[in-house]
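Undergrad: One structure, as structure tokens, below. Some questions next.
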Amino acid sequence: MNLKQLLEQYENHIPITMVTAYDYPSAKTVEESGIDMILVGDSVATTVLGLDSTIQVSMDDMIHHTKAVKRGAKDTFTVVDMPFSTVGVSVDDTVRNGMELYKQSNAQALKIEGAHPITLEAIERLTDFGVPIVGHIGLTPQSFGITGYAVQAKTEEAALNLIQEAKALQESGIVMLVLEAIPSDLAKRVTGELNVPTIGIGAGSHTDGQVLVYHDILQYGIHRYPKFVKPYLNLNESIQTALSQFRSEVKDRTFPNEDTTYKVKVWEEK
Ligand code: KIV
Ligand code: NA
Numbered sequence: 305m306n307l308k309q310l311l312e313q314y315e316n317h318i319p320i321t322m323v324t325a326y327d328y329p330s331a332k333t334v335e336e337s338g339i340d341m342i343l344v345g346d347s348v349a350t351t352v353l354g355l356d357s358t359i360q361v362s363m364d365d366m367i368h369h370t371k372a373v374k375r376g377a378k379d380t381f382t383v384v385d386m387p388f389s390t391v392g393v394s395v396d397d398t399v400r401n402g403m404e405l406y407k408q409s410n411a412q413a414l415k416i417e418g419a420h421p422i423t424l425e426a427i428e429r430l431t432d433f434g435v436p437i438v439g440h441i442g443l444t445p446q447s448f449g450i451t452g453y454a455v456q457a458k459t460e461e462a463a464l465n466l467i468q469e470a471k472a473l474q475e476s477g478i479v480m481l482v483l484e485a486i487p488s489d490l491a492k493r494v495t496g497e498l499n500v501p502t503i504g505i506g507a508g509s510h511t512d513g514q515v516l517v518y519h520d521i522l523q524y525g526i527h528r529y530p531k532f533v534k535p536y537l538n539l540n541e542s543i544q545t546a547l548s549q550f551r552s553e554v555k556d557r558t559f560p561n562e563d564t565t566y567k568v569k570v571w572e573e574k
């Protein structure tokens, strides 16, 4: 699936599916399940690296994880998040960091949070030089220090402001827009006003696509999750069961057994 095919799905009103992946096995399973796109999210911070927020993720972390993802999902359109500290110092820095991440990670697009004037201009320049950019507004977790993790744009003023951000991002050249944790009505309106696909997470059912975090869908190392997550599996439970079974079988010497032992005669019994 390339960008052109994704946009064809959008034109034909076929919902676009996106799931995060952070390493080879997660990417491989996402690709094999027929999901349209992969996001190497900076959520790698909390899901995989055990950090408190996405703020501490570095450029090197994102490159490292995206390379592993691409080895597992060569044929899937992959978007990588620009980390917090690589955006916003200046347009020049943002453009330079974006080009570097695009070049080194082997991803097919970059995602950048927010619609600050610096961000908008950097998106325009990156787009002009051939780098596909995915926007991300509503709840932008890199700003949690100011906004927290609550649902965004709950007043009319904030909602109108979000619509302006969406239009400004479209004007700057984004190829898609992630809408996170906003009222469904607002996501519907933004989706109607744009001519690029909207991908929702906690934005209701009217967006052009949906994205969820791999570890949330599978309940893998996740023990608390927001309202918009639907867990389709409880891997925590399955893993605990398997590991404690291994433990007790070793303790009571039922593992290894005949089946899991090499019975090759290397010397004669004396
Ligand atoms: O990092 C991430 O996983 C994201 C999605 C929640 C959109 O940005
Ligand atoms: Na992210």
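Each residue of the sequence shown is one higher than the last, beginning at 305 in this note's numbering. Beta carbons are placed, not taken as given, at the ideal position from N, Cα and C, and that holds for glycine. Here the structure is a predicted model, which means the values were calculated and not measured.
Give me the Cβ distance between D512 and T502, rounded to the nearest whole Å; I'm assuming they're in contact under 8 Å.
TA: Here residue 512 refers to the residue found at position 208 of the sequence shown. Here residue 502 refers to the residue found at position 198 of the sequence shown. Indeed they touch by this definition, with Cβ atoms about 5 Å apart.
Undergrad: Short of 6 Å in beta carbon distance, which residues of its chain neighbour P445, apart from the five on each side in sequence? Order them along the chain.
TA: Counted from its first residue, the sequence shown places residue 445 at position 141. Within the same chain, P445 has close Cβ partners T358.
Undergrad: What's the gap between the Cα of L310 and the Cα of F448?
TA: In the sequence shown, the residue the question calls residue 310 occupies position 6. In the sequence shown, the residue the question calls residue 448 occupies position 144. Cα to Cα, L310 sits roughly 31 Å from F448.
Undergrad: With distances taken between CB atoms, is the gap from P387 to V361 smaller than 7 Å?
TA: Indexing the sequence shown from 1 puts residue 387 at position 83. Indexing the sequence shown from 1 puts residue 361 at position 57. Yes, the pair counts as a contact, with Cβ atoms nearer than the cut-off.
Undergrad: Is the shortest distance between the beta-carbon of L307 and the beta-carbons of chain C less than 7 Å?
TA: Absence of chain C from the displayed structure is noted, only one protein chain being present.
Undergrad: Looking at the strands, I want to know which residues DSSP matches up with A413.
TA: Counted from its first residue, the sequence shown places residue 413 at position 109. Partner(s): V383.
Undergrad: So which residues put a beta carbon under 7 Å from any heavy atom of ligand 1, going in chain order?
TA: That query returns the following residues: T324, L343, G345, D346, S347, T358, D385, K415, H440, P445, V482, E484, I505, V515, V517.
Undergrad: With a Cβ-Cβ cutoff of 7 Å, do V515 and M322 count as a contact?
TA: Locating residue 515 in the sequence shown gives position 211, where the first residue counts as 1. Locating residue 322 in the sequence shown gives position 18, where the first residue counts as 1. Cβ distance < 7 Å, so V515 and M322 count as in contact.
Undergrad: Would you list, in sequence order, the uninterrupted beta strand (DSSP E) runs of no fewer than 3 residues that lie entirely inside the segment 511-563?
TA: Listed in chain order, the complete beta strand (DSSP E) runs (minimum 3 residues) inside the segment 511-563 are 513-516.
Undergrad: Specify, as a first and last residue, the run of the alpha helix (DSSP H) that E484 falls within.
TA: For the purposes of this step, residue 484 is taken as residue 180 along the sequence shown, with counting starting at 1. Note, E484: premise wrong, no alpha helix (DSSP H); beta strand (DSSP E) at 480-484.
Undergrad: Give the straight-line distance between the Cα atoms of A485 and P560, rounded to the nearest whole angstrom.
TA: If you number the sequence shown from 1, residue 485 lands on position 181. If you number the sequence shown from 1, residue 560 lands on position 256. Taking the straight line from one Cα to the other gives about 49 Å.
Undergrad: Let me confirm a value: Y453 is counted as buried when at least 16 other C-beta atoms fall within 10 Å, else exposed. Which label applies?
TA: By one-based count along the sequence shown, residue 453 stands at place 149. By the neighbour-count rule (16 or more Cβ atoms within 10 Å), Y453 is not buried but exposed.
Undergrad: If you count every other CB in all the chains shown that lies within 10 Å of the CB of V568, and 16 or more means buried, which is it?
TA: As a working note, residue 568 is residue 264 in the sequence shown. So V568 counts as exposed.
Undergrad: Whose C-beta lies closer than 6 Å to the C-beta of S409 among residues of the same chain, with five residues either side of it excluded?
TA: The count along the sequence shown starts at 1 and reaches residue 409 at position 105. So the qualifying residues of the chain are I367, T370, V384.
Undergrad: With contact counted as at least three CB pairs below 8 Å, one residue from each stretch, are the segment 426-437 and the segment 453-469 in contact?
TA: Too few Cβ pairs lie closer than 8 Å, so no.
Undergrad: For M363, tell me which candidate among L405, G506, V393 has the shortest Cα-Cα distance.
TA: What you label residue 363 is simply residue 59 of the sequence shown in a count that begins at 1. Looking at the Cα atoms, L405 is the closest of the given residues.
Undergrad: What residues in its chain sit with their C-beta under 6 Å from that of S476, if we drop five residues either side in the sequence?
TA: Indexing the sequence shown from 1 puts residue 476 at position 172. So the qualifying residues of the chain are L424, I427, E428.
Undergrad: At 3 residues or longer, and completely inside the segment 433-469: list those beta strand (DSSP E) runs for me, N to C.
TA: For the segment 433-469, the continuous beta strand (DSSP E) assignments of 3+ residues that do not extend past its boundaries occur at 437-442, in sequence order.
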